[in-house]
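Residue 1 is where the sequence shown starts when you use UniProt numbering, and the numbers rise one by one after that.
Here the structure comes first, spelled out in structure tokens, and everything after it is commentary.
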Amino acid sequence: MDRNYINQKIRKIPNFPKEGILFYDITTLFEDARAFRKIIDEICQKYKNKKIDKIVGIDARGFLLVSVMAYKLGAGISIIRKQGKLPYKTNGVSYQKEYGPDIIEMHADTIKPGEKVVIADDLLATGGTMLATIDLVKQMGGDIIGIEFIINLSFLKGESKIRKLRYEVNYLIDYDNENI
């Protein structure tokens, strides 16, 4: 895959959502049909013979990935949302974000023990949300086969935290600093 082409399709927005933050906007990547196909094909290639049961997507940009991945792999979808956003009985995990505590939830019956799961999100930064997601999927008995991102911000060290737990972590683009 031409990583430079993919990188060019990601819009970088300084000082959003607040001063000092560089936001990586993947909506422009999904607007380009060629780029979208390439990222989905590359992500799914490694799982095509692994009989994945569920693709877990994290609110909200992760949802853009998982529906297409699930279709391509013949898997179901399980979604992670912020507390109070799901209509049925949920399981949740509390975790620490950079500005305070938060809780993520998923439906209590969405993952069955032993199901093979791939977790996908748009971006890996400090790893807090992904670590909480891993914890929640494991509590429900899911067997995590892989974790996928479009973007890794390696300067924020989230990848090393996840790899310490011995999970396969994959990403398409790595940024090692916050320079545009």
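In this text, a Cβ means the ideal position worked out from N, Cα and C, and glycines have one as well.
Using the Cα positions of K51 and G142, report the straight-line distance between them to the nearest angstrom.
Within the sequence shown, residue 51 is the residue found at index 51, counting from 1. Within the sequence shown, residue 142 is the residue found at index 142, counting from 1. Their Cα atoms are separated by approximately 14 Å.
Determine, using beta-carbon pairs with one atom in the stretch 126–142 and one in the stretch 155–165, whether at least three such pairs fall under 8 Å.
The stretch 126–142 vs the stretch 155–165: in contact.
Jot down the residue ranges of each uninterrupted beta strand (DSSP E) in the stretch 1–74, minimum 3 residues, whole runs only, in chain order.
Listed in chain order, they are 11–14, 22–25 and 54–58.
Going straight from the alpha carbon of P87 to that of R81, what length do you get?
Here residue 87 corresponds to residue number 87 of the sequence shown, with the count starting at 1. Here residue 81 corresponds to residue number 81 of the sequence shown, with the count starting at 1. Whole-angstrom Cα-Cα distance: 11 Å.
What three-state label does DSSP hand D143 in the structure shown?
As a working mapping, residue 143 is identified with position 143 in the sequence shown. The answer is strand: DSSP assigns D143 an E or B state.
Output the boundary residues of the beta strand (DSSP E) element that contains D81.
Here residue 81 is taken as the residue at index 81 of the sequence shown, counted from 1. Residue identity differs from the one stated: residue 81 is Arg in this sequence, not Asp. Unbroken beta strand (DSSP E) run through R81: G76 to K82.
When the Cα atoms are used, what is the spatial distance from T28 to I6?
Here residue 28 is taken as the residue at index 28 of the sequence shown, counted from 1. Here residue 6 is taken as the residue at index 6 of the sequence shown, counted from 1. Straight-line Cα distance between these residues: approximately 10 Å.
Assess, as a yes-or-no matter, whether the stretch 150–157 is touched by the stretch 130–138 under the definition of 3 or more beta carbon pairs within less than 8 Å.
No contact exists between the stretch 130–138 and the stretch 150–157.
Please return the same chain residues whose Cβ sits closer than 7 Å to the Cβ of N91, not counting the five positions on each side in sequence.
Residue 91 sits at position 91 when you count from the first residue of the sequence shown. Closer than 7 Å at the Cβ level, and outside the excluded window around N91, lie E105, M106, A108, L136, Q139 and M140.
Do you know how far the Cα of L165 is from the Cα of K38?
The sequence position of residue 38 within the sequence shown is 38, counting from 1. The sequence position of residue 165 within the sequence shown is 165, counting from 1. Cα to Cα, K38 sits roughly 29 Å from L165.
Ignore the nearest five residues each way along the sequence and tell me which others in D174's own chain have a CB closer than 6 Å to its CB.
The sequence position of residue 174 within the sequence shown is 174, counting from 1. N152 and S154, listed in sequence order.
Per DSSP, which residues does L124 bridge with? Please list them.
Stepping through the sequence shown from its first residue, residue 124 is reached at position 124. BP columns for L124 point to N152.
Using the three-state DSSP reduction, which class does T133 fall into: helix, strand or coil?
Taking the sequence shown and counting its residues from 1, the one referred to as residue 133 is at position 133. Three-state DSSP puts T133 in a helix.
Using the DSSP secondary-structure output, state which residues sit across from residue 202 in a beta bridge.
It is not possible to answer for residue 202, since the shown part of the chain is limited to 1 through 180.
Report the three-state DSSP secondary structure of K116 (helix, strand or coil).
As a working note, residue 116 is residue 116 in the sequence shown. Strand.
With a threshold of 16 other CB atoms inside 10 Å of the CB of D176, please say whether the residue is buried or exposed.
Taking the first residue of the sequence shown as 1, we reach residue 176 at position 176. Result: exposed.
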